[in-house]
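Enquirer: Chains A and B supply the protein sequences, listed in that same order.
Residues in the first sequence are numbered from 644 upward in steps of one, following the working numbering.
Residues in the second sequence are numbered from 5 upward in steps of one, following the working numbering.
Yeah, the Cβ is synthetic: ideal placement off N, Cα and C, and Gly gets one too.
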Amino acid sequence: GQQLNQSPQSMFIQEGEDVSMNCTSSSIFNTWLWYKQDPGEGPVLLIALYKAGELTSNGRLTAQFGTTRKDSFLNISASIPSDVGIYFCAGQLPSGNTGKLIFGQGTTLQVKP
Amino acid sequence: GAVVSQHPSWVICKSGTSVKIECRSLDFQATTMFWYRQFPKQSLMLMATSNEGSKATYEQGVEKDKFLINHASLTLSTLTVTSAHPEDSSFYICSARDTSRLSGNSPLHFGNGTRLTVT
């Protein structure tokens, strides 16, 4: 089945540093989404990308939809302690339009004050 | 923004009993909702697609008779874990998309999840 490879698996950084994580796949997606999940809660949408090559920002977060439609990255600039959590990429396949998503394995981010 | 409400947020039940989890879209209609399961330190795994007015579509390996899904209205889907066992203990999360946005550019929004513990 389709899989998303997300890396890195975890990161431990100093407050103020920039962070970058990415997802790749052997399949083409028509939508890429980035979510953040805090412990015991559901994922919260950070950024949605709908076009190949699209670069979108949301505050300190920037994400891009790869031109091949098989990859995406998320950057967090000037990290702060509340950025701690698990970040998931998710891709929606072109076939059909039901909204079914495939998730990456997640990147656990820890920020040291 | 779109809000998905899930209830209960946590439940503890005895082995052999059944548990019902509700998922509601609060400010939009959703003909399709999705049920995910997440084990500790793992990603979200899609269990089934809930379709309003018709049968749910289950992913490979998910027992439809064990995980009963009912999508009786455009704003409510329920997941019932029947004859629960300790291995069913997990974090169950529902999601929905605003299907009134016909262009398709409407991302999935997730509920806050239900922590199920089967003793």
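Would you please verify whether the beta carbon of B:Val-33 is less than 9 Å from any beta carbon of chain A?
Expert: The sequence position of residue 33 of chain B within the second sequence is 29, counting from 1. Here residue 33 of chain B is Gln; the residue named in the question, Val, does not match the sequence. Not one chain A Cβ lies under 9 Å of B:Gln-33.
Enquirer: Determine, using beta carbons only, whether B:Arg-28 and B:Gln-42 come nearer to each other than 9 Å.
Expert: Residue numbering aside, residue 28 of chain B sits at position 24 when the second sequence is read from its first letter. Residue numbering aside, residue 42 of chain B sits at position 38 when the second sequence is read from its first letter. The Cβ atoms of B:Arg-28 and B:Gln-42 lie no closer than 9 Å to each other.
Enquirer: Tell me the rounded alpha-carbon separation between A:Ala-721 and A:Gly-696.
Expert: If you number the first sequence from 1, residue 721 of chain A lands on position 78. If you number the first sequence from 1, residue 696 of chain A lands on position 53. Their backbone Cα atoms lie some 24 Å apart in a straight line.
Enquirer: Who are the neighbours of B:Ser-47 on chain A, taking C-beta pairs under 7 Å?
Expert: Numbered from 1 along the second sequence, position 43 holds the residue referred to as residue 47 of chain B. The answer, in chain order, is Phe-731, Phe-746, Gly-747, Gln-748 and Gly-749.
Enquirer: Excluding five sequence neighbours on each side, which residues of the same chain lie with their C-beta closer than 8 Å to the C-beta of A:Pro-651?
Expert: Locating residue 651 of chain A in the first sequence gives position 8, where the first residue counts as 1. Cβ neighbours of A:Pro-651 beyond the five flanking positions: Met-664 and Thr-750.
Enquirer: Taking C-beta pairs closer than 7 Å, name the residues in chain A that B:Phe-71 reaches, listed in chain order.
Expert: Residue numbering aside, residue 71 of chain B sits at position 67 when the second sequence is read from its first letter. Going along chain A, no residue has its Cβ under 7 Å from B:Phe-71, so there is no contact; the nearest lies around 17 Å.
Enquirer: Tell me whether A:Asp-714 sits in a helix, a strand or coil according to DSSP, three-state version.
Expert: As a first step, residue 714 of chain A is located in the first sequence; it is residue number 71 there, counting from the start. Reduced to three states, the DSSP call for A:Asp-714 is strand.
Enquirer: Jot down the residue ranges of each uninterrupted beta strand (DSSP E) in the region 677-715 of chain A, minimum 3 residues, whole runs only, in chain order.
Expert: 687-692, 698-701 and 704-708
Enquirer: Return the residue from the list A:Asp-714, A:Leu-689 and A:Gln-646 that minimises the CA-CA distance to A:Gly-702.
Expert: Start at 1 with the first residue of the first sequence, and residue 702 of chain A comes out as number 59. Checked all of A:Asp-714, A:Leu-689 and A:Gln-646; the closest Cα to A:Gly-702 is A:Leu-689.
Enquirer: Report the three-state DSSP secondary structure of B:Glu-91 (helix, strand or coil).
Expert: As a position in the second sequence, residue 91 of chain B is number 87, starting the count at 1. It is helical.
Enquirer: Do A:Leu-717 and A:Ile-671 count as a contact pair if the criterion is CB distance below 9 Å?
Expert: Taking the first sequence and counting its residues from 1, one reaches residue 671 of chain A at position 28. Taking the first sequence and counting its residues from 1, one reaches residue 717 of chain A at position 74. The answer is no: Cβ separation not under 9 Å.
Enquirer: Under three-state DSSP, which class holds B:Ser-13?
Expert: Counted from its first residue, the second sequence places residue 13 of chain B at position 9. DSSP places B:Ser-13 outside both helix and strand once states are collapsed to three, so it counts as coil.
Enquirer: Rounded to the nearest angstrom, what separates A:Ala-733 and B:Ser-77 at their Cα positions?
Expert: Reading the first sequence from its first residue, position 90 is the one you call residue 733 of chain A. Reading the second sequence from its first residue, position 73 is the one you call residue 77 of chain B. Their backbone Cα atoms lie some 27 Å apart in a straight line.
Enquirer: Can you give me the Cβ contacts of A:Ala-706 inside the same chain, cut-off strictly under 7 Å, excluding the 5 residues immediately before and after it?
Expert: Position 63 of the first sequence, counted from the start, is the residue given in the question as residue 706 of chain A. Trp-677, Ile-690, Leu-692, Thr-699, Ser-715, Phe-716 and Leu-717.
Enquirer: Taking C-beta to C-beta, are B:Leu-112 and B:Ser-94 nearer than 9 Å?
Expert: Walking along the second sequence from the start, residue 112 of chain B turns up at place 108. Walking along the second sequence from the start, residue 94 of chain B turns up at place 90. The answer is no: Cβ separation not under 9 Å.
Enquirer: Can you pull the chain B residues whose beta carbon is under 8 Å from the beta carbon of A:Gly-728, in chain order?
Expert: As a working mapping, residue 728 of chain A is identified with position 85 in the first sequence. Those do not exist, as A:Gly-728 stays about 13 Å from chain B at its closest Cβ, beyond 8 Å.
Enquirer: Find the nearest neighbour of B:Thr-118 within the set B:Thr-36, B:Val-85, B:His-89 and B:Gln-33, judged by alpha-carbon distance.
Expert: Taking the first residue of the second sequence as position 1, residue 118 of chain B is located at position 114. The candidate whose alpha carbon is nearest that of B:Thr-118 is B:Val-85.
Enquirer: Do B:Leu-50 and A:Leu-744 have their beta-carbon atoms positioned less than 9 Å apart in this structure?
Expert: What you label residue 744 of chain A is simply residue 101 of the first sequence in a count that begins at 1. What you label residue 50 of chain B is simply residue 46 of the second sequence in a count that begins at 1. Contact: yes.
Enquirer: Would a check of beta-carbon distances place A:Gly-696 closer than 9 Å to chain B?
Expert: Within the first sequence, the letter at position 53 stands for residue 696 of chain A. Cβ-Cβ to chain B under 9 Å: no for A:Gly-696.
Enquirer: Does the CB of A:Ala-706 have a neighbour CB from chain B at under 9 Å?
Expert: The residue you call residue 706 of chain A lines up with position 63 of the first sequence. No, no contact with chain B.
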